[in-house]
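These notes are about the structure you will find just below.
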Amino acid sequence: MAVEIKIVEQRQDLKCYIRFPFELYKHDPYWVPPLFADEYTYYNPKTNINLRINPYQLFLAYKDRRLVGRIMALIHQEGNTLRNEKLIRWTFLDAIDDGEVVQALLQAAEAWGQVHGMEFAVGPRGFSDQEPEGALIEGFDERALINAHYNRPYLLTYLEQAGYRKDVDWVCYRMNVPDELPSTYQAIYKRLLKQQRFTCHNFTRKAELRQYILPVLELWNEAYKDLYGVSPIHDEEFQALAKKYLPILNPRFIHVIKEGNSLIGFSIVMPDITEALQKARGRLFPFGLFYLLKALKTSKTLQFLLVGVKEQYRRQGLFVLFAMALLKEVQAAGMTRVQSHLQLEDNSNINTWLERLGGTIFRRYRAFIKKL
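Heads up, the sequence shown is in numbering that gives the first Met the number 0, so the first residue is 0 and it goes up one at a time.
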C-alpha cells in the first residue's frame with residue numbers, strides 16, 4: 000500500500016507527531032526520550048521564537064493506516080541570508096525500517112522547500128546548533144546523548160539511496176578522569192597564574208549564574224559565529240535555553256574566565272542524566288523528577304556541553320584554566336569519566352585539547368545534503 004503523507008495541522012496531529020518516537024523506540028535500550036513538556040514547549044510558537052519568524056512544516060507518514068514516520072522541514076531565513084544560501088533544513092526524521100516511508104517523508108520536505116524557492120536540502124539540522132543535529136553514523140551500541148538525534152543504521156542507507164551525501168561530521172570524545180593534568184598543561188597553568196591576567200570563577204548557587212546569562216549569550220554568538228551552520232541566537236531563544244537547563248545544571252561545574260571585569264570565556268558541563276531520562280519515560284511526575292535529581296548527585300559521568308573563548312584569547316591556553324578548575328570539582332564529586340557533546344570534526348581549537356587529555360572518539364554524527 001502506498002505511503003500517505005499528512006501535514007500536522009490539528010493538536011491531535013501534533014500529539015501523534017511528538018509521541019511517535021516513543022512508540023518507534025520503546026523497545027530500544029539505547030534511545031533516550033525527551034520530556035514531553037520540553038517537546039510541547041519547542042513546538043509552540045508562543046514559546047519558540049524560531050517558529051514565529053521562520054517558515055516550517057511538520058509531516059506525518061502513514062502506511063496501511065498506521066503511523067510509520069515523521070519529519071520537520073524548516074527554513075532558517077537569517078542563516079540563509081548570512082551565508083547567501085537557499086537551504087531547506089529537515090530534522091527529527093524518525094521512521095520504521097522501510098525505504099518507501101523514508102523516501103516519502105524526504106520528498107515531502109524537499110517539495111515544500113522547493114515551493115519556497117530553496118535549492119538544497121540538508122539535515123538533520125534544526126534552527127540552531129543548540130538543537131539536535133546530525134544523524135548518528137557511529138556508536139550505535141550504547142545509550143544516546145542528551146539533546147542529540149537518535150536513529151538506527153538503516154536510516155543511513157535510505158538517505159544515501161535518496162541522493163544525499165556528506166555535508167559535515169561531528170564527533171564526540173570520551174576520557175577517564177585523570178589523577179592530574181599532563182605536565183605540559185601544568186606548565187601552562189603555572190604560567191597563567193604567574194601572569195595574574197586571568198581569573199577563573201566557579202559558582203556555588205544557581206542564583207549566581209543568572210547575571211551571566213546575557214554576557215554568555217553575547218560571547219557565545221561571538222565565539223561560535225564562524226563555525227559550520229551557526230547563526231546568532233536571539234535573546235528570547237537563549238532565555239528559553241537557560242530556563243530549560245538551569246534547573247539541571249550544577250553550579251559547581253560551570254566556570255567563567257575574566258580579564259579584569261571582562262568576560263572572555265565560559266565552560267558548561269553537567270552530570271550525565273540520560274539513564275534517568277530513560278526511567279522518566281518523558282514525564283517528570285510522578286517519579287521522573289526523582290530520577291533526575293538523583294542522577295545529578297550520583298552520576299559518575301560528566302557531560303561536556305559548551306565551551307567558548309573570545310577569538311583573540313584562544314592561543315593563550317585558557318582551556319587549561321577550565322580543565323584544572325573542573326578536575327578539582329570532578330574528583331571531589333567522585334566522577335570517573337567525561338564525555339563531550341558534538342564537536343565539529345575539524346574544530347581543532349577544542350578537539351586538540353580533548354585529545355591531549357586522553358580523549359578518544361566514541362561517536363560520530365553526520366549532516367547530509369542534496370541538490371534539489
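Here a beta-carbon is modelled for each residue, glycine too, at the ideal position from N, C-alpha and C. Only a predicted model underlies this, so the values are computations on that prediction, with no experimental measurement involved.
Per DSSP, which residues does residue i bridge with? Please list them.
i: Y61; result: E3 and L66
i: W169; result: L343 and Y364
i: M71; result: L57 and T90
i: R336; result: N175 and T300
i: K370; result: F119
i: T359; result: R173
i: E137; result: R363
i: L305; result: I267
i: R164; result: I368
State buried or exposed for residue i, treating a residue as buried only when at least 16 other CB atoms are found within 10 Å of its CB.
i: Q338; result: buried
i: L81; result: exposed
i: F139; result: exposed
i: E207; result: exposed
i: Q9; result: exposed
i: D93; result: buried
i: Q195; result: exposed
i: G287; result: buried
i: N83; result: exposed
i: T90; result: buried
i: I187; result: buried
i: R282; result: exposed
i: F284; result: exposed
i: M117; result: buried
i: L304; result: buried
i: G259; result: exposed
i: N146; result: buried
i: G133; result: buried
i: R204; result: exposed
i: I74; result: buried
i: V170; result: buried
i: G333; result: exposed
i: N150; result: buried
i: E141; result: exposed
i: I52; result: exposed
i: N175; result: exposed
i: Q11; result: exposed
Give me the residue from the options with the minimum Cα distance to residue i.
i: G307; options: L301, G316, K299 and T300; result: G316
i: G264; options: I232, R280 and F318; result: F318
i: F367; options: F202, N53 and L158; result: L158
i: W111; options: A331, I6, L326 and Q302; result: I6
i: V329; options: E217, P32 and H254; result: H254
i: E274; options: F289, L262, E258 and A294; result: A294
i: R365; options: S347, K243, F126 and D166; result: D166
i: K327; options: F197, H340, E221 and P177; result: P177
i: L291; options: D168, G125 and L276; result: L276
i: F126; options: D97, Q113, Q76 and N220; result: Q76
i: L320; options: A332, A241, W219 and K193; result: K193
i: S230; options: Y42, G358, E217 and H340; result: E217
i: F58; options: K14, L343, A331 and G78; result: K14
i: E344; options: F361, L50 and A222; result: F361
i: L301; options: K278, F289 and M269; result: M269
i: F252; options: E221, C199 and E310; result: C199
i: I296; options: L341, T183, K278 and N249; result: A quick correction: the sequence has Lys, not Ile, at residue 296. For K296, the nearest C-alpha among the options comes from N249.
i: K224; options: M0, K309, K257 and F289; result: K309
i: E38; options: K369, K243, A222 and T156; result: K243
i: A241; options: Y312, R209 and L191; result: R209
i: D168; options: E179, R280, E137 and L191; result: E137
i: K25; options: F237, N348 and A279; result: A279
Under the assumption that residue i contacts residue j (Cβ atoms under 8 Å), give the Cβ distance between them as a whole number of angstroms.
i: I267; j: I247; result: Actually they do not touch by this definition, with Cβ atoms about 12 Å apart.
i: I70; j: L104; result: 4 Å
i: N372; j: A322; result: Outside the displayed span of the chain (0 to 371) sits residue 372, for which this structure offers no information.
i: R355; j: P181; result: 6 Å
i: Q160; j: G98; result: 6 Å
i: D128; j: G228; result: 6 Å
i: F21; j: P32; result: 6 Å
i: A120; j: A108; result: 7 Å
i: R173; j: R363; result: No, R173 and R363 are not in contact; Cβ-Cβ is about 12 Å, not under 8 Å.
i: I17; j: Y42; result: 7 Å
i: G350; j: L226; result: Checking the sequence, you will find Asn at residue 350 rather than Gly. Contact flag wrong, Cβ pair sits at about 12 Å.
i: V215; j: V100; result: Not quite, the Cβ-Cβ distance comes to about 41 Å (not below 8 Å), so this is no contact.
i: R124; j: R88; result: 4 Å
i: Y55; j: A72; result: 7 Å
i: N220; j: I212; result: In fact, because the Cβ distance is near 13 Å, the residues do not count as touching under 8 Å.
i: A239; j: T359; result: With 8 Å as the limit, A239 and T359 do not qualify as a contact, their Cβ atoms being about 34 Å apart.
Indicate, with yes or no, if the ligand MN has a heavy atom lying under 8 Å from the CB of residue i.
i: D140; result: Of ligands this structure carries none, so the ligand MN is not represented either.
Could you check whether the Cβ of residue i sits closer than 9 Å to any Cβ belonging to chain D?
i: P231; result: Included in the structure is just one protein chain, with no chain D present.
Next item on the list: Please go through the region 193-270 and give each complete alpha helix (DSSP H) segment of 4 or more residues, from N-terminal end onward.
Entry: Assignment of alpha helix (DSSP H) within the region 193-270, counting only whole runs of 4 or more residues, yields 212-223 and 234-244 in chain order.
Checklist line | Any alpha helix (DSSP H) of 4 or more consecutive residues that is wholly inside the region 26-57 | finding: Correct list: 35-41 and 48-52.
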